[in-house]
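*Asks:* Quick one: this structure, given as structure tokens, is what I'll be asking you about.
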Amino acid sequence: MADHNGRQLSTRELVRAHAYPVFAAVASFSLLAIALLQVPQAVKTHRYNRCIDVQVSLRSASNLKGQQGPGKLIYLKAVQHCEGL
């Protein structure tokens, strides 16, 4: 590779000239890989949240008084059901 003066670049100059684009490409591919690896966990969490919501609404239909909100029996039973216990 030659610069504007027509002389050949040294190894150090070649590394300096190409280091930034190489590192930028590696960083971009790393971010893309991390984002793709997060998709299965996001799907699992979304399904778990939907399960909890459905279970709480089904158990609330029995009109138990004072059993609404986290830490109450309806919520704890919903968690137990969705975790397969």
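Residue numbering for the sequence shown follows this note's numbering, beginning at 1 and increasing consecutively. Positions of the beta carbon are idealized from the N, C-alpha and C atoms, including for glycine. Just so it is clear, the structure is predicted and the values come from calculations on it, not from any experiment.
Mind checking which residues open and close the alpha helix (DSSP H) that includes Q38?
*Replies:* Here the question's residue 38 lines up with position 38 in the sequence shown. Start and end: T11 to S60.
*Asks:* Given a cut-off of 8 Å on the beta-carbon distance, is the pair R163 and A78 in contact?
*Replies:* The structure shown does not extend to residue 163, since the chain spans only 1 to 85, so no value can be given for it.
*Asks:* Got a sec, what are the start and stop residues for the alpha helix (DSSP H) K77 sits in?
*Replies:* For this step, residue 77 is matched to residue 77 along the sequence shown. First-last of the alpha helix (DSSP H) with K77: L73 to C82.
*Asks:* Taking the beta carbon of V26 as the centre, do at least 16 other beta carbons fall within 10 Å, making it buried, or is it exposed?
*Replies:* The sequence position of residue 26 within the sequence shown is 26, counting from 1. Exposed, since its Cβ has fewer than 16 Cβ neighbours within 10 Å.
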